[in-house]
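Listed in order, the protein sequences are those of chains E and L. Quick note: the first sequence, position 286, residue 286 per the working numbering, numbers continuous. Quick note: the second sequence, position 190, residue 1190 per the working numbering, numbers continuous.
There are 2 protein chains.
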Amino acid sequence: MKKKQNKKPEKDKSKELIEILKKHGAQVYEDLENGQFPKFSIPNRSISNIMYDKKLRQYILGTNTSLRSSRNTSQLRSFTQLLWLAFFANKLTHEKKSSTLRDVYYSSQAFAVDFEDQGESDNIIVDLEAVLSKPRENFFVFPEERSSIFGDLTIEYTIPGYEGKKQNLSTHPDGYAIGPSMTSAQLADTSAELVIAIEKGGLFTRFVEEQVDKKFKSIIINTGGQAPRSTRTLLKRLHEEMKLPVVILTDGDVYGEHIAMVIKSGSANAAHLRELTVPDAKWMGVWATDIDKYKLPTIPMTESDIKRCFDLQKDPRYQEGIWKKELEVFTKIKKKAELEAFSKYGLTNITDKYLPEKLELAKSL
Amino acid sequence: MKKKQNKKPEKDKSKELIEILKKHGAQVYEDLENGQFPKFSIPNRSISNIMYDKKLRQYILGTNTSLRSSRNTSQLRSFTQLLWLAFFANKLTHEKKSSTLRDVYYSSQAFAVDFEDQGESDNIIVDLEAVLSKPRENFFVFPEERSSIFGDLTIEYTIPGYEGKKQNLSTHPDGYAIGPSMTSAQLADTSAELVIAIEKGGLFTRFVEEQVDKKFKSIIINTGGQAPRSTRTLLKRLHEEMKLPVVILTDGDVYGEHIAMVIKSGSANAAHLRELTVPDAKWMGVWATDIDKYKLPTIPMTESDIKRCFDLQKDPRYQEGIWKKELEVFTKIKKKAELEAFSKYGLTNITDKYLPEKLELAKSL
């Protein structure tokens, strides 16, 4: 089988991050030596400074920045927290020790740095992301959630103890968890020509059993509902580094449509990052119009489903194309259909009939 | 490294299940030939027939059974549903096609078998488990949830397309998803002497990074909160087939204590099954008494936490030993502590200090 190689070695993100931290640290020292109060310039993350960028096809921050200065007594607390976090991020990155948002909160107590609660420390972590323009995974703060992946993709680990070791992801049919070691691995080679992200574990298993990986030369990813950040990063890398198109299958409801949208264009509260979006990803179903077309069994929408439809209609990303059209149909029919609804026509109807039709259609979209 | 071999070949569960189904099917035919209305005898699953068995250390059903007869017009609907499900279970098992509770619900529509909603079909699936005394995984109905596993364990797959293929579970540090293929695999060999089940993904990764698998000769399982059924089945098999002790680490709160209890002794609504419990499993922390002993940062309990404490005090399984003692301390101090709280003393404090102390203690319990 012809393999697509990834010649570009994975950037040493740790080295890059430490360089940026050093620059900021040097600035603090320089301020002090010049008899000035040290400060950080932080891109403003308030709603008024978040806008949708049609070219990048994601939310971005405007040019407003706030100064967080140790001179201002009302900012001294959050300045100190941010300075400590930069120190701690440097330590994690040097030692290559993974942590979580919650770990960081408790770790602060070892240094007598005071956070009211985890909410306060989470917020400072996002501040540091914005200052560095780097996702927190680069300074070894990872999400708890684990989704999984299966297919002919060979990765090469970079984490301590596994450097240079390779793993092909097609030998364990239940899938490989997507965590820190996969997120940081080099994507070495693949014979796949496509990535299929699917919302549910049961269907992931169906796809593996029905050899969707072989029949459609694809890598299959179980997002487990809303895709965790690690999974979104991996999807982006598969698209950019391995040049693979990404298609998304979700339940046929407004939440499913939005799961696809978040993979495609991220969320407003990550407007300061570029690592979490796959603007070319295509949501291929279950569309609202598929419900009638495929005569799927439906469930009536709840009040909160309907409210969610109206909320999303105000979102700038739902103003054109299938995003607008399908949302309108959902709002009109007030019904939803799950991916498993295809089982009405036999368990393999979704892989034998629906999937090939949708993949054919994806080529023309 | 010395390997422990599993000489006992995994029973052919599919064959066994089909035999049992055949026996029930033959009975239906026999009834019809004798001019009688066919019927099923179903172990009664009402609360009055569920009791705690101190010797088995799990809930069991009493001897009451109900007759579900096609003669009784009020039972005709549920009799037909059950008969159809037995037919469908036979089909799934023959074809070795995995499905989910939701798949079964939609599949029924292909046969014009009427279920009001998924709740009704879920209930009939549990009825069939009770009739067959076999868990639904044996007739290829699997949970959606996927937790993960890491360590020196070699498994041999039995699912179509992978029969006889082996996989060692120590090469992907983020862990291998525990799904249908792992649940049905033969456990071939291991050098591990212990299984550690831990509640959270972040700590699973910490344990792998700190080589808890090597330092403590262990297999590490991330339960991802409440352990899914597949994970509980795998824990039981590791204990029974590979003779490995199982220890459990959870957050230090009443929910954590109960996560451990469910791994140990199951739940009342699975009283008709024996495949989901590990009666010898040991909950090793975070205990309520550890909060003071290790000077852990705490979070105050909410009203609903406190209510849960009082509810569990009525549970027969919380009437002795550490289960009773720790629950009493939680109820008294009205505080809880997360596993990450140890990060106050450094990220590796939990693996360098707490874990070895607890494993030493486990030997004497």
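Here a beta-carbon is modelled for each residue, glycine too, at the ideal position from N, C-alpha and C. Just so it is clear, the structure is predicted and the values come from calculations on it, not from any experiment.
Item	Value
Exposure label - L:Lys1336; buried when at least 16 CB within 10 Å	buried
Selected residue, minimal CA-CA separation from E:Leu361, among E:Gln211, E:Lys282 and E:Ile221	E:Lys282
Residue interval of the alpha helix (DSSP H) (run including E:Ala268)	First-last for E:Ala268: undefined, no H or E at that position.
Proximity test, Cβ basis, 8 Å: E:Thr171 and chain L	yes
Local conformation of L:Glu1156 per DSSP, three classes	strand
Beta strand (DSSP E) segments (min. 3 residues) lying fully within the region 233-266 of chain E	246-249
Assigned secondary structure, E:Phe79 (DSSP; H/G/I helix, E/B strand, else coil)	helix
Contact with chain E by L:Gln1167, beta-carbon distance below 8 Å	yes
Closer than 8 Å at the beta carbon, the chain L residues around E:Ser98	Gly1202, Thr1205, Arg1206 and Glu1209
Touching by the beta-carbon criterion (3+ pairs, under 8 Å), the region 1163-1178 of chain L and the region 1091-1105 of chain L	no
Exposure of E:Pro316, with buried meaning 16 or more beta-carbon neighbours within 10 Å	exposed
Distance between beta carbons of E:Leu32 and E:Asn49, contact taken as under 8 Å	So it is not a contact: roughly 30 Å between Cβ atoms.
Beta carbon proximity, L:Phe1142 to chain E, threshold 8 Å	yes
Residues near L:Ser1218 in its chain [Cβ-Cβ closer than 8 Å; skip 5 each side]	Gly1151, Ala1192, Glu1193, Leu1194, Val1195, Ile1196 and Val1212
Distance CB(E:Val247)-CB(E:Asp305) smaller than 8 Å	no
Euclidean distance between Cα positions of L:Ser1108 and L:Lys1243	41 Å
8 Å Cβ cutoff, L:Glu1338 in contact with chain E	yes
Check whether E:Tyr59 and E:Gly321 have beta carbons under 8 Å apart	no
Members of the region 1103-1116 of chain L near chain E, C-beta cut-off 9 Å	Asp1103, Val1104, Tyr1105, Tyr1106, Ser1107, Ser1108, Gln1109 and Ala1110
Three-state secondary structure (DSSP) of L:Gly1285	strand
Under 7 Å from the C-beta of L:Met1182: neighbouring residues of chain E	Asp174
Endpoints, the beta strand (DSSP E) within which E:Asn168 is located	Lys166 to Asn168
Chain L contact for E:Tyr162 (CB, 8 Å cutoff)	yes
Test item: CB-CB of E:Arg146 and E:Ala188 under 8 Å	no
Sufficient close CB pairs (3 or more, under 8 Å) joining the region 40-56 of chain E to the region 130-137 of chain E	yes
Of the listed residues L:Ile1149, L:Leu1021 and L:Thr1190, nearest to L:Lys1134 (C-alpha basis)	L:Leu1021
Cα-Cα separation, L:Val1286 to L:Leu1327	12 Å
Where E:Lys344 meets chain L, residues with beta-carbon distance less than 9 Å	Tyr1106, Ser1107, Ser1108, Gln1109 and Ala1110
Three-way DSSP call (helix, strand, coil) for E:Pro316 in this model	helix
Delimiting residues of the alpha helix (DSSP H) encompassing L:Tyr1345	L:Tyr1345 -> no alpha helix (DSSP H), and no H or E assigned at all.
C-alpha distance - L:Gln1081 paired with E:Met182, whole-angstrom precision	45 Å
Cβ distance (whole Å) where E:Tyr106 is taken to contact L:Pro1297 below 8 Å	6 Å
Which of helix, strand or coil DSSP assigns to L:Thr1063	coil
Minimum Cβ-Cβ distance from L:Ile1159 to chain E less than 8 Å	yes
Alpha-carbon to alpha-carbon, E:Leu56 and E:Ser121	30 Å
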